[in-house]
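Comments concern the structure below.
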Amino acid sequence: MAEPLGIGLVGCGTVGAGVAQILLNHPDRLAARAGRRLELRRIAVRDAARPRPVTLPAGLVGTDPRAVLTDPTVDVVVELVGGTTVARTVVLDALAAGKHVVTANKALLAEAGAEVFEAARAAGRAVCFEAAVAGGVPIIRALGESLAANQVTAIQGILNGTSNFILTSMAEGGMTYPAALAEAQRLGYAEADPTLDVDGSDAAHKLAVLAQIAFGVAARPDQIERHGIDTLDAQDIRFASELGYTIKLLAEAWTGASRDGGREVALHVAPVLLRHTNLLAQVRGAFNAISVHGDVVGETLYQGPGAGMMPTASSVVADLIDLAVGRAQATFAAARLWSREGKGFVVEPVERVRSRFYLRLTVADRPGVLADITRILADEGISISSVVQHEAGEAAKEPVPLVILTHTAETGRFRTALRKMAALPTVAAPPVSYSMGD
Ligand code: HSE
Numbered sequence: 102m103a104e105p106l107g108i109g110l111v112g113c114g115t116v117g118a119g120v121a122q123i124l125l126n127h128p129d130r131l132a133a134r135a136g137r138r139l140e141l142r143r144i145a146v147r148d149a150a151r152p153r154p155v156t157l158p159a160g161l162v163g164t165d166p167r168a169v170l171t172d173p174t175v176d177v178v179v180e181l182v183g184g185t186t187v188a189r190t191v192v193l194d195a196l197a198a199g200k201h202v203v204t205a206n207k208a209l210l211a212e213a214g215a216e217v218f219e220a221a222r223a224a225g226r227a228v229c230f231e232a233a234v235a236g237g238v239p240i241i242r243a244l245g246e247s248l249a250a251n252q253v254t255a256i257q258g259i260l261n262g263t264s265n266f267i268l269t270s271m272a273e274g275g276m277t278y279p280a281a282l283a284e285a286q287r288l289g290y291a292e293a294d295p296t297l298d299v300d301g302s303d304a305a306h307k308l309a310v311l312a313q314i315a316f317g318v319a320a321r322p323d324q325i326e327r328h329g330i331d332t333l334d335a336q337d338i339r340f341a342s343e344l345g346y347t348i349k350l351l352a353e354a355w356t357g358a359s360r361d362g363g364r365e366v367a368l369h370v371a372p373v374l375l376r377h378t379n380l381l382a383q384v385r386g387a388f389n390a391i392s393v394h395g396d397v398v399g400e401t402l403y404q405g406p407g408a409g410m411m412p413t414a415s416s417v418v419a420d421l422i423d424l425a426v427g428r429a430q431a432t433f434a435a436a437r438l439w440s441r442e443g444k445g446f447v448v449e450p451v452e453r454v455r456s457r458f459y460l461r462l463t464v465a466d467r468p469g470v471l472a473d474i475t476r477i478l479a480d481e482g483i484s485i486s487s488v489v490q491h492e493a494g495e496a497a498k499e500p501v502p503l504v505i506l507t508h509t510a511e512t513g514r515f516r517t518a519l520r521k522m523a524a525l526p527t528v529a530a531p532p533v534s535y536s537m538g539d
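For the sequence shown, this note's numbering begins at 102 and goes up steadily by one.
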């Protein structure tokens, strides 16, 4: 059997403890898959006294990441610090020290992918990141390897387990938003700062990573329009359900022809209405799912646990096995990710994307109000597919909710209509709208 692969862990929180557990509990299984042993040789943690669900071997644990980076018996550094400051230094220093890197850090890849991958190429080392998107779901390999014969034409993903857990708990269990968020944190799904989960940033980071693989674009954060579930009103979940739809936080990439005859991709994270029968609508709890359309294969769907200790650790250890076998090094060199050799796509705003829309207006219950609104939609060429206004009684003085579903329209024109409606004196609150999938 070949020499063992020496592994150093930097960060041993939830996911790190899971990785250590797999390495320590299943050495023979891993050796059989990799053709060599995977040995945990050094671990750096922030707080050595913190209780962990795994007993780490005495003598391996310290608090200085440099002890991992400079250990000559460590071949691969697993970065599980999170964030983009210390983690960036750890990754760049590890590469400079001649180590391969495995990371679950989508924020780092989204923000500094070009720098990290260039440093890896300069050092002749590989960076593996299956765990960075959708936890235990092997979407990085699916996109980068298994679908390599395709040009991907669209991606729709539930990429944030915390948001999906909260939406499921609110829709099915009648839980309040704060209670559902607290439960997601207790179960270890949420980021250290859960704002990143619920405001769409975490899903946007993951979409940026997928877009790099699928379209060769390095999307800047401001090129991914994002709306989270933190501003979602429970009444929209109820109205959607009444109309036959489930609201999911989706990360979406749409491709099309650009005006100059090239190819463009629009990237978007937002709550979207999906029919109850849509498979993505049926993905519950902290699960993730990604639908990928390829021009050769058609639609493919990947689903599984997208967050939490063991699912994410499962992907980290798969990367370690790939490095031990030598597959990861070959794939990394061939893929040339973040290399500025794109696939001919440019990132465009979502204005030209066509969709159906859900619109909730808070309106005065007076003659002519609906006529004004439908006129504005008609002026923008937008056709109405359904209107719901619950009876408010004869004496209603308060504004009432009016829900409209549209037929397919261009996002830009729909937004123009929204601005005009918001200016109507009879519209009492900012219009609320979401796009609709099938
Ligand atoms: N906090 C993330 C989520 C998991 O809730 O999906 C790690 O990416």
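Each residue gets a CB set at the ideal place from its N, CA and C atoms; glycine is no exception.
Everything numeric in this text was worked out from a predicted model, so none of it was measured.
| Query | Result |
| --- | --- |
| To which residues does DSSP link residue 404 through a beta bridge? | 390 |
| Give me whichever residues DSSP pairs with residue 349 in a beta bridge. | 373 |
| Using the three-state DSSP reduction, which class does residue 456 fall into: helix, strand or coil? | strand |
| Using the Cβ count rule (16 or more neighbours within 10 Å means buried), how would you classify residue 410? | buried |
| Measuring straight from C-alpha to C-alpha, what distance separates residue 129 and residue 138? | 8 angstroms |
| Candidates 320, 187, 502, 126: which alpha carbon is nearest residue 145's? | 187 |
| Determine the extent of the alpha helix (DSSP H) in which residue 97 is found, giving its start and end residues. | Outside the shown range of the chain (102 to 539) lies residue 97, about which nothing can therefore be said. |
| Roughly how many angstroms lie between the CA atoms of residue 418 and residue 112, to the nearest whole one? | 15 angstroms |
| Does DSSP put residue 306 in a helix, a strand or coil? | helix |
| With a cut-off of 8 angstroms, do at least 3 Cβ pairs link the segment 360–372 to the segment 208–222? | no |
| Hey, is residue 261 close to ligand 1, as in C-beta under 7 angstroms from one of its heavy atoms? | yes |
| Rounded C-beta distance between residue 176 and residue 106? I'm assuming under 8 angstroms. | 5 angstroms |
| Is the Cβ-Cβ distance between residue 253 and residue 377 less than 8 angstroms? | no |
| For residue 124, count neighbouring C-beta atoms within 10 Å of its own C-beta (all shown protein chains included) and say buried if the count is 16 or more, exposed if not. | buried |
| In three-state terms, what does DSSP make of residue 237? | coil |
| Which runs of the alpha helix (DSSP H) fall wholly inside the segment 104–174 and span at least 4 residues, in chain order? | 115–126, 128–135, 166–170 |
| Taking Cβ positions, are residue 512 and residue 454 nearer each other than 8 angstroms? | yes |
| Measuring straight from C-alpha to C-alpha, what distance separates residue 234 and residue 310? | 8 angstroms |
| Taking the alpha-carbon of residue 388 as reference, which of 268, 328, 357, 407 has the nearest alpha-carbon? | 407 |
| Is the segment 473–491 close to the segment 518–529, with three or more CB pairs under 8 angstroms? | yes |
| Roughly how many angstroms lie between the CA atoms of residue 131 and residue 427, to the nearest whole one? | 14 angstroms |
| Which of the three DSSP states is assigned to residue 509 in this structure? | coil |
| Is there at least one non-hydrogen atom of ligand 1 closer than 7 angstroms to the beta-carbon of residue 558? | Absent from the structure is residue 558, since the part of the chain shown begins at 102 and ends at 539. |
| Could you check if residue 508 is buried or exposed, using at least 16 other CB atoms within 10 Å of its CB as the buried criterion? | exposed |
| Residue 536 to residue 142, Cα distance in whole Å? | 50 angstroms |
| Do you know offhand how far residue 499's Cα is from residue 337's? | 19 angstroms |
| Is it right to say residue 372 is buried, meaning 16 or more other beta carbons lie within 10 angstroms of its own, or is it exposed? | buried |
| Based on Cα-Cα distance, which residue from 119, 104, 533 lies nearest to residue 333? | 533 |
| Comparing the CB of residue 290 with every heavy atom of ligand 3, is any distance shorter than 7 angstroms? | No copy of ligand 3 occurs in the structure displayed; its ligands are ligand 1 alone. |
| Helix or strand or just coil, what does DSSP make of residue 365? | strand |
| Relative to the alpha-carbon of residue 436, which residue among 140, 228, 203, 134 has its alpha-carbon at the smallest distance? | 228 |
| Could you say which of 198, 164, 459 lies nearest to residue 341 if we only look at CA atoms? | 459 |
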